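K.L.:
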Amino acid sequence: MPRLNPDLDRLRPSAISDVFDMANRLREDGRELFDFSVGEPDFDTPQNIREAAKVAIESGQTRYTAVDGTALLKQAIAAKFRRDNGLDFSNDQIVVASGAKPLLAVAIQAVAGQGDEVVISTPCWTSHIGMIELAGATARLMETGIETGFKMTPEQLARTLNPNTRLLLLCSPSNPTGAVYTADELAALGDVLADYPDVWVLSDDLYEHIVFEKDHFATIAAVSPAVGKRTLTVNGVSKCYAMTGWRIGYAGGPSEWVKAIRKVFTQSNGGPCSVSQAAAIEALNGPQAYLSEWLAIYRQRRDLALSLLRDAPGLECAVPEGAFYIMPKCAGLLGRKTPSGGAIESSADFCRYLLEAFGVVTVPGAGFLCDPYFRISFATSEDVIKEGCARIVAATRSLA
Numbered sequence: 164m165p166r167l168n169p170d171l172d173r174l175r176p177s178a179i180s181d182v183f184d185m186a187n188r189l190r191e192d193g194r195e196l197f198d199f200s201v202g203e204p205d206f207d208t209p210q211n212i213r214e215a216a217k218v219a220i221e222s223g224q225t226r227y228t229a230v231d232g233t234a235l236l237k238q239a240i241a242a243k244f245r246r247d248n249g250l251d252f253s254n255d256q257i258v259v260a261s262g263a264k265p266l267l268a269v270a271i272q273a274v275a276g277q278g279d280e281v282v283i284s285t286p287c288w289t290s291h292i293g294m295i296e297l298a299g300a301t302a303r304l305m306e307t308g309i310e311t312g313f314k315m316t317p318e319q320l321a322r323t324l325n326p327n328t329r330l331l332l333l334c335s336p337s338n339p340t341g342a343v344y345t346a347d348e349l350a351a352l353g354d355v356l357a358d359y360p361d362v363w364v365l366s367d368d369l370y371e372h373i374v375f376e377k378d379h380f381a382t383i384a385a386v387s388p389a390v391g392k393r394t395l396t397v398n399g400v401s402k403c404y405a406m407t408g409w410r411i412g413y414a415g416g417p418s419e420w421v422k423a424i425r426k427v428f429t430q431s432n433g434g435p436c437s438v439s440q441a442a443a444i445e446a447l448n449g450p451q452a453y454l455s456e457w458l459a460i461y462r463q464r465r466d467l468a469l470s471l472l473r474d475a476p477g478l479e480c481a482v483p484e485g486a487f488y489i490m491p492k493c494a495g496l497l498g499r500k501t502p503s504g505g506a507i508e509s510s511a512d513f514c515r516y517l518l519e520a521f522g523v524v525t526v527p528g529a530g531f532l533c534d535p536y537f538r539i540s541f542a543t544s545e546d547v548i549k550e551g552c553a554r555i556v557a558a559t560r561s562l563a
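When the letters of the sequence shown are read in order and numbered with this note's numbering, they come out as residues 164 to 563.
1) By alpha-carbon positions, which one of Asp192, Ala229 and Ser222 ends up nearest to Ala429?
2) Mind listing, in chain order, the continuous beta strand (DSSP E) runs of no fewer than 3 residues lying wholly within the stretch 369-441?
3) The beta strand (DSSP E) that contains Arg303, what's its start and end?
4) So if DSSP puts Tyr488 in a beta bridge, which residue, or which two residues, is it bridged to?
5) Which same chain residues, not among the five before or five after Leu304, have their C-beta less than 7 Å away from its C-beta?
6) Between which two residues does the alpha helix (DSSP H) carrying Cys514 extend?
7) Considering only C-alpha positions, which residue in the set Ala452, Leu189 and Leu297 is nearest to Pro265?
8) Thinking C-beta only, is Phe199 closer than 8 Å to Val556?
9) On the three-state DSSP scale, how would you describe Phe197?
10) Do you know whose CA, among Arg393, Leu174, Thr345 and Trp363, lies nearest Ile292's CA?
11) Answer yes if the stretch 472-492 comes into contact with the stretch 365-375, meaning at least three C-beta pairs across the two stretches below 8 Å, and no otherwise.
12) Is it right to say Val482 is buried, meaning 16 or more other beta carbons lie within 10 angstroms of its own, or is it exposed?
13) If you check the beta carbons only, do Ala342 and Ala389 fall under 8 Å apart?
14) Hey, would you say Tyr536 sits closer than 8 Å to Pro476, going by beta carbons?
15) Between Asn398 and Trp457, what straight-line distance do the alpha-carbon atoms span, to the nearest angstrom?
16) Do Leu332 and Ile383 count as a contact pair if the criterion is CB distance below 8 Å?
17) Can you say whether Ile271 is buried or exposed, counting buried as having 16 or more other CB atoms within 10 angstroms of its CB?
18) With distances taken Cα to Cα, identify the nearest neighbour of Gly495 among Phe252, Leu369, Leu562 and Ile257.
19) Specify, as a first and last residue, the run of the alpha helix (DSSP H) that Arg166 falls within.
20) With DSSP run on the structure shown, which of helix, strand or coil describes Glu479?
21) Helix, strand or coil for Glu280 per DSSP?
22) Spell out the partners DSSP gives Gln257 in its beta bridges.
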């Protein structure tokens with residue numbers, strides 16, 4: 164047989180995919196599951212956005228668009244950056260893609276390659292690491308934990324940056340931890356980066372509107388203007404506007420970086436879906452009141468889950484400041500035994516036990532390069548949260 168690209172050997176199998184596969188097999192067997200694994204809003208896309216898509220279809224907006232997005236959508240994105248973030252971009256500093264995920268991947272490829280290091284803190288979104296590896300670069304990891312609020316410190320960043328560093332990747336609010344950097348914390352990181360003018364910064368802001376402390380969200384390009392000149396700020400409509408399936412991500416940043424991304428897209432991508440772009444214009448330009456309504460619901464769900472998990476012996480939970488995830492630490496469960504005699508030696512063991520014995524779907528920390536932690540998504544109904552968390556508590560109490 165002809166060989167495959169050997170670079171693919173660098174990619175790790177996804178621990179999240181393993182959980183999904185096991186959960187799907189149990190569903191096929193008729194098991195009732197309480198699913199905390201999916202990082203997706205359970206709200207419907209707002210009616211005004213759906214109507215904008217219908218109008219686009221009926222008016223014939225169903226053909227190819229520019230590979231990096233329509234001018235009208237770029238104008239809406241520029242207005243959003245000015246309104247929400249105090250960032251001023253021209254259309255040629257903005258790029259649109261079929262989701263933030265491919266945009267992040269190409270953004271990394273555009274600045275980092277063989278021999279380069281990309282600095283990222285853990286726990287981290289599993290795909291961030293895969294993107295770095297596909298670019299041929301090396302991920303330089305900074306470990307954080309519940310003790311530090313899952314945030315890197317300026318001192319830690321200063322120890323990690325080196326002549327091989329090409330890029331710093333920030334994710335705030337964080338998937339998987341819900342950690343949110345304050346403006347002061349970002350400014351302190353910017354002070355460190357000032358001594359490394361050859362380092363680009365990639366800011367993943369996808370959960371921007373899911374922040375539980377009022378006026379708490381900040382983005383490094385706005386907080387540290389000098390660093391902002393070499394920062395690509397990535398966002399999208401999927402998480403905040405409940406538009407995951409519409410597949411629209413966007414970014415604003417230095418013209419040369421955006422131009423490089425556009426260059427790759429001309430050879431690898433078609434333009435984003437024309438109908439989805441029309442819907443995204445309405446999402447960004449239209450009414451925003453429901454964002455605060457949804458945020459209140461997320462906050463209520465977060466507080467409910469935390470109140471229930473407090474009764475779980477062996478678990479320790481930080482209060483997430485944003486996104487819709489809780490990252491419990493399960494170090495207190497390691498070394499314990501299940502009623503059948505199985506050993507709990509990692510978060511993966513505990514998540515497997517939760518799924519098989521209690522029908523609760525979670526994601527082990529190995530998928531985010533952290534152990535012993537696991538991720539819970541509270542983007543689900545209160546009924547699921549009540550029953551699922553009660554089962555997690557029961558599972559911890561069942562361990563000898």
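Just so you know, even glycine gets a beta-carbon here, dropped at the ideal spot from N, CA and C.
Computed from a predicted structure; not experimentally measured.
P.N.:
Let me lay it out:
1) The sequence shown places Thr at residue 429, rather than the Ala named in the question. Of Asp192, Ala229 and Ser222, the residue nearest in Cα terms is Ala229.
2) 394-399 and 412-415
3) Thr301 to Glu306
4) Ser540
5) Ile283, Thr285 and Leu532
6) Ser510 to Phe521
7) Leu297
8) no
9) strand
10) Leu174
11) yes
12) exposed
13) no
14) no
15) 18 Å
16) no
17) buried
18) Leu562
19) No alpha helix (DSSP H) holds Arg166; DSSP gives it neither H nor E.
20) strand
21) strand
22) Per the sequence shown, the amino acid found at residue 257 is Ile instead of Gln. BP columns for Ile257 point to Gly415.
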